[in-house]
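The next block holds one structure in the form of structure tokens; read it before the comments.
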Amino acid sequence: MEETDGIIIETLRKIGCDIEDDVTSLAHFTTEIVIEGVVKCLLSIHPDLQLNHKMPPNLPARYKLCMEIAKACKDVAGYKGDLGYETFLHGSQAEIRNVFVILIQKLPKVNEQPIADSVVDPFEYTMRKIQNDILRQLHQPWLPYFCNPSSDNSFPFLSADLPNAVNTGGRHHLLKLSSVPTIQLIPSLIETHISELAADKYQYKFPIEKGRNFKREPEFLPPAQNSRFSLVRLLNFTDGDKKKKKPQPPPKPSHLGGAPKTEGLPTIEEQCQQLNIVMENLERNLQLRQEELVNATEEVANLKSIIQCKETEQDTLRKELDRQEKLLALLPDAPAHLDRMKSLLESNKEKIAALEEQWSNIKKPLEDEYQRCLQFQENSVAEKLKAALESTVLSLRQVVKEIRTKEDAIEKLQTHIESMPSSVLTRTFYTQRILSIVANVKKQNEEMHRVLEDVKSVQREINSIQGKVERTFTVTDEMIFRMAKSDEAARRIYKFLISLQTDCSDIQRLVKESGNLSREIKDLEEQAETELRRNIVPKLRQLQIDLEQIRQENRILEERVNSGGKL
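What follows is the structure in structure tokens.
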């Protein structure tokens, strides 16, 4: 148990219990140390507990605190045994050791230490709340809105007659088709046929007048490609539409009034084929024009780059030309220009000499000032370096002093480690101890299984023998009973057999009862040993002392109350 006590003491010191160095086993634990250790273990397991680890001065408060600690041990640590306030106040070493072992097993690991809640970030709190609400809504079963009894949605019902009803509400959204010029026969025929089909299908006649060229309205005119495909789509009418109504011949053009009527008109299929051929030619021409447009844009881009290069060259040539023109303008009166240039040079030299003289007058005091500032700076830098060197020396001395103090502390700690008791053992010792305990447990388990197998085998033998005896008694009873009907001696034998059977059953019952009594005696002896180990008598004496102390405190309080009431 010394190793177990050493582990318990080291663990309690790690979690912050104030245990002195001379305490090496649970025998040296006082009630205050027990209460402090148990409370700090419980707080390490569950930080939200509100328990005080200091012993109160009066006894009722101590009993109340111990009862709260016992309840917390059962609720938080899952202690299964008998635990009460007397365990912490007057408990034995074995009971206190069991409590500490269970609490230390429940302590969180190093990477599982509970982190105290700091100031909660409002953003994190809001996001956590939103996440919880979303999860709660996702786990709820979905119901349609009309199955929700608290829904206030209402939808009005409108009734309407629907036989052959025609919706003309969107008539103003329809495209207005205009006829092609009637100067061309085939397009005029197609336009007339389309208008008649649309009139039959939609009961709406488009305003197409005979003998008149309609102008196309730009706001209702669709693109050329769309109009072409719409014409083809409308031309694909069904045979039923053909049978319903035959297309009327187009009106006679106004500029052909006296011309005779043509009789061999082309059919609609031929007109469609002609239109398809025309469309293919137009598409082919459009592709060619697009390719020509792409080539033309590339040529335009190349020409633009060439023009930019030419413009830059032109600018450089223009500048060179201006310079040459200025030089040519100076050539006719060259001597006068040379004299003027010489006079300008001389005047510039005089100005330069005057400026140099002025600069020398200004430069000398500035140089003196510069030298003085430079010398001052050198002196200040030297002083700074000197101060830095002195501070470095001082810090070096301080560091050397700290190193010496730390070396002394290391030597002291080394001597302290060497002089520490054997309870603080190495990891290998604990590992070997655990392995030996596991081996002992395994051996005990094997011994237990062996004993159970022996008990089972004995029980099987007892059952088989009992079955044989019962069968033998039954067969003998039947045989002697048949013989007893005619023989007087057989009757006496039968009576003896019955008495023998009852005596054997009584003996068997007594053996079972004696076995049960022996087991109960062993259980009672074990309970007596455990109670003796618990030191019940000293506990009862201590409880009587506590009871007398509580009564004394109650008398003092009553006297104080009575004296206060009299005053």
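Going by the UniProt record's numbering, the residue at position 226 of the sequence shown is 226; the numbering climbs one at a time, nothing skipped. By construction, the Cβ of each residue, glycine as well, lies at the ideal position given by its N, Cα and C atoms. Every value quoted in this text rests on a predicted model; they were computed, and no experiment measured them.
Could you round the C-beta distance between Met67 and Ile35 to whole angstroms and report it? I think they count as a contact, below 8 Å. About 12 Å separates the two Cβ atoms, so there is no contact after all.
Compute the Euclidean distance between the alpha carbons of Lys349 and Glu356, then round it to the nearest angstrom. 10 Å
Which of helix, strand or coil DSSP assigns to Leu234: Low confidence applies to Leu234: its pLDDT is 46, below 50, so where it sits in the model is not reliable, and the reading given next is rough at best. Looking at Leu234 - three-state DSSP - the assignment turns out to be helix.
Beta-carbon proximity of Val39 to His53, cut-off 9 Å: yes
Contact set for Val101: own chain, Cβ-Cβ below 8 Å, skip 5 residues either direction: Thr4, Ile8
Could you compute how far the alpha carbon of Ser563 sits from the alpha carbon of Asn554? 14 Å
Could you compute how far the alpha carbon of Gln105 sits from the alpha carbon of Gly78? 11 Å
Where does Lys351 sit, in a helix, a strand or coil, going by DSSP? helix
Can you find the residues in the same chain that come closer than 7 Å, C-beta to C-beta, to Arg128, ignoring five residues on each side of it along the sequence? none
Rounded to a whole number of angstroms, what is the C-alpha to C-alpha distance between Arg97 and Leu26? 7 Å
Once you ignore the five residues that flank Phe481 on each side, which residues in its own chain have a CB closer than 7 Å to its CB? Tyr494
DSSP three-state assignment for Asn52, whether helix, strand or coil: coil
Might you give, ordered along the chain, the residues of its own chain that have their beta carbon closer than 6 Å to the beta carbon of Leu282, omitting 5 neighbours on each side? none
Indicate whether the contact test is met: 3 or more Cβ pairs, each with one atom in the segment 471-486 and one in the segment 436-453, closer than 8 Å. no
Short Cβ contact (9 Å threshold) for Gln542 with His90: yes
Which first and last residues belong to the alpha helix (DSSP H) in which Gln105 is found? 93-106
Using a threshold of 9 Å, state whether the C-beta atoms of Leu12 and Cys41 are closer than that. yes
At what residues does the alpha helix (DSSP H) containing Thr267 begin and finish? From DSSP, Thr267 is part of no alpha helix (DSSP H); its letter is neither H nor E.
Rounded distance between the beta-carbons of Thr31 and residue 568, thought under 8 Å: One cannot answer for residue 568 here, as it falls past the ends of the chain, which runs 1 to 567.
How would you label Glu191, buried or exposed, when you count the other beta carbons within 10 angstroms and need 16 or more for buried? buried
Restricting to Cα atoms, I'd like to know which of Arg551, Ile268, Asp333, Ser457 is closest to residue 568. The requested residue 568 is not part of the displayed model; the chain covers only 1 to 567.
Output the boundary residues of the alpha helix (DSSP H) element that contains Phe429. 427-484
Determine the contact status of Lys539 and Glu86, defining contact as a CB-CB distance below 9 Å. yes
If you draw a straight line from the alpha carbon of Glu383 to that of Asn361, how long is it in whole angstroms? 34 Å
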